[in-house]
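First up is the structure itself, then whatever we jot down about it.
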DNA sequence: TGCCAATCTGGGAGCGCTCCCACGGGAGCG
DNA sequence: CGCTCCCGTGGGAGCGCTCCCAGATTGGCA
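Residue numbers (UniProt numbering), protein chains in the order written: chain D, 1 to 349; chain E, 1 to 349.
If you want it as structure tokens, here you go:
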């Protein structure tokens, strides 16, 4: 016989971890009081609170998350869902920054961060199950496509959700986005301010809202300068380096004398840069070049690329904050946040 | 009155989610049987199993994780712990690849992946608490420093743990590492094979085991070629671009005629590349250059850098697999895995 | 034919917590 | 001075599951 049971009714908990009950016994109060103290309820006398806090410290008590989740029907965890396809394209730093921001914001809460990468349709389905089982209190969705079924599913399930980026002009779910239009506009304006007159642009895939926004910004700036309307200055890329190359080649063919290019991503700008070089043009002397994202690619290019920076980490923080609010106040209020971008001027323009 | 309670004793569960009990009622069996089916126990008759499976499908039953965790004293979750400092230095793709690998491996289990970024000492302490509370079944530790207290804490707590990389020669905890020595050796050998004779190296901070390994590999190759022993060919960097620049300048000063450099990271190689250029030297004609990591920086450099690739994603997968095994078989057996690297030859050497 | 073992099964007893009800006693009121 | 009212409190009930123990049923063997 190892340990009698009579004397120590509270038991020892599995793994020897202290339980609420043990804290209560030690502090000489009831379970309810300890629970109130732990959860910050104001309806506790100073005396009782002190006793409980002392007992907690002595025992090194940490609430059992599973028990709490079961009893309170919440998990104290949020999921960050990232479609695998998006983590390619040299966009890695972007995701890491988002994660960093989310993690920072969550650090003060004791919410846990669940990372879910979606690669296959099977995993996608699995995720649906998880969500249906309400294993998280809320979901952060990164780079959703227009026709992604996930947001609607989440909505139907009434799972608090915050998107990173919008799916279209009139996004109704909560989202946090960067001011892509403004960023693109300021890039084009910078080029125009340099005295360049034949300013071309390389777009992303136009079935992505973010790509359309960046094109819009460019168009706005061109129109304001009275240089709008020439669609031959617009070439379409797909956010890849090869796409940037092809677009640049097309542009040079149509406009051998162009003197500036705004690419909707650094990776595409990098592709464009190579083509420009191969064609014997100097950057920025002959052709000024601006990218978007302010990624490592921009910093390490030769010459280093001027680029539009988006406050990625802050976007992550904001997403987490908005989600937390949405979880807290159960009144499905939606929030739309657009954070401003800024131009980082380097040597390419 | 919405719904009577008498008839449907099993209730509706909160949020309308079906419970084990409801499945049991529907299938006309007991709770125990349903549990056995769900958990894949062999001690169930084919008939009962079929009935239960049908009921599960009809009801769309998904086990409640919290309840399971509470009853079985396990969480079905593992934590991936990443020290913030390490996510800088252009090493982002590395972490994303690790995450990708871990996530892939976990997708088939129904383990959840908890991401924990550690920035401040406070967060570090908090993590200790989490671990003490056994909120995860196991821990994956990325890039641990020699004097990090976390591994020992984990060991004391008897939490299954797998390290990414070793802390020293004789690491006793389970780990998955890349063959840094071999990779560095093959890089140096490649340089020598090119006919280069004055082969220098830029090291990482030598208080990191990984940096020492890469230096070792270089030294081995030099010794085998009968060119070893010249410590003036070794310059110390810190894995940053600026460090790479400084080291390169120092090397050029000592050896104006050097014809090859092996840098222990792509970022340092990139720094070295700029200095080499500024000094009027051509790469690879005058000086051949090799980096380590095969990161985006290497691919986008001009000229693209030859670099040592480590199978990062596979390392992630392996870590997860080893951890799962360790959790499964509770006999604290340690496993040490070293994955081979390979040289990706591009234009710089 | 009878008996024992092997197999399958139902359901009780918890896991550690939150929710909530009911109780006690002090303050404030008429 | 007695009556509410309310704050602080203890503890029952129950969240949905796993674990495990008996009971029921079957088959095999003497």
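We put the beta carbon where it would ideally sit given N, CA and C, even for glycine. Treat the numbers as computed from the prediction; the structure is a model and nothing was measured.
The beta-carbon distance between residue 265(E) and residue 293(E), rounded to whole angstroms, is 6 angstroms. This is short enough to meet the 8 angstroms contact definition. Annotation for residue 271(E): 241, 244 and 245 place their beta carbon closer than 6 angstroms to its own, counting only its chain and skipping 5 residues before and after. About 5 angstroms separates the CB atoms of residue 221(E) and residue 185(E); that is less than 8 angstroms, so the two are in contact. At a cut-off of 8 angstroms between beta carbons, residue 313(E) makes no contact with chain D.
For residue 26(D), no Cβ of chain E is located within less than 8 angstroms of the residue's own Cβ. Straight-line measurement puts the Cα of residue 229(D) at about 59 angstroms from the Cα of residue 198(E). Between the region 277 to 284 of chain D and the region 93 to 112 of chain D there are fewer than three C-beta pairs closer than 8 angstroms, too few to call the two in contact.
The C-beta separation of residue 215(E) from residue 201(E) comes to about 7 angstroms, placing the pair in contact by the 8 angstroms criterion.
Judged by DSSP secondary structure, residue 25(E) falls within the alpha helix (DSSP H) whose first and last residues are 20 to 27. Every unbroken stretch of the beta strand (DSSP E) spanning 3 or more residues and falling wholly within the region 61 to 118 of chain D is given here in chain order: 77 to 83 and 112 to 118. Neighbours of residue 302(E) in chain D, taken as residues whose beta carbon is under 7 angstroms from its own, are 302 in chain order. DSSP places residue 164(D) in no alpha helix (DSSP H) but in the uninterrupted beta strand (DSSP E) bounded by 161 to 164. For residue 236(E), DSSP records a beta bridge to 203(E). Looking from the CA of residue 193(E), the closest CA among 331(E), 26(E), 312(E) and 345(E) belongs to 345(E). Closest in alpha carbon position to residue 308(D), among 340(D), 207(D), 328(D) and 321(D), is 340(D).
Sequence-distant Cβ neighbours of residue 158(D) in its own chain, meaning closer than 8 angstroms and more than five residues away, are 332. As DSSP reads the structure, residue 174(D) sits in a beta bridge with 162(D).
Under the DSSP definition of a beta bridge, residue 309(E) partners with 342(E).
Between residue 18(E) and residue 60(E) a beta carbon distance of about 7 angstroms is seen, short of the 8 angstroms cut, so the two are scored as contacting. Of all C-beta pairs linking the region 22 to 39 of chain D to the region 52 to 67 of chain D, three or more are shorter than 8 angstroms, placing the two stretches in contact.
Interface residue (Cβ-Cβ distance to chain E less than 8 angstroms): residue 112(D) is classified as such. Taking every protein chain shown into account, the CB of residue 284(E) has 16 or more other CB atoms within 10 angstroms, so this residue is buried. Ranked by Cα distance from residue 342(E), the first of 41(E), 312(E), 328(E) and 83(E) is 312(E).
If you draw a straight line from the Cα of residue 150(E) to the Cα of residue 181(D), it is about 45 angstroms long. Look at residue 291(E) here: in three-state DSSP terms it is strand.
Within the region 128 to 154 of chain D, the residues whose Cβ lies closer than 7 angstroms to any Cβ of chain E are, in chain order, 129, 132, 133, 134 and 135. Residue 190(D) sits in a helix when the DSSP states are folded into three classes. Within the model, the alpha-carbon separation for residue 83(E) versus residue 95(E) is close to 11 angstroms.
With a threshold of 16 other beta carbon atoms within 10 Å, residue 125(D) falls short and is exposed. By the Cβ neighbour-count rule, residue 190(E) is buried, with 16 or more other Cβ atoms within 10 Å of its own.
Only residues of its own chain outside the window of five on either side were considered, and among them 111 have a CB closer than 6 angstroms to the CB of residue 76(D), listed in chain order. Contact between the region 172 to 180 of chain E and the region 319 to 339 of chain E is present: 3 or more CB-CB pairs across the two stretches fall below 8 angstroms. The C-beta of residue 318(E) comes no closer than 8 angstroms to any C-beta of chain D.
Taking 8 angstroms as the Cβ-Cβ cut-off, the region 249 to 270 of chain D approaches chain E at 270, given in chain order.
Under the Cβ criterion of 8 angstroms, residue 279(E) is not counted among the residues facing chain D. DSSP lists 80(E) and 162(E) as the beta-bridge partner residues of residue 140(E).
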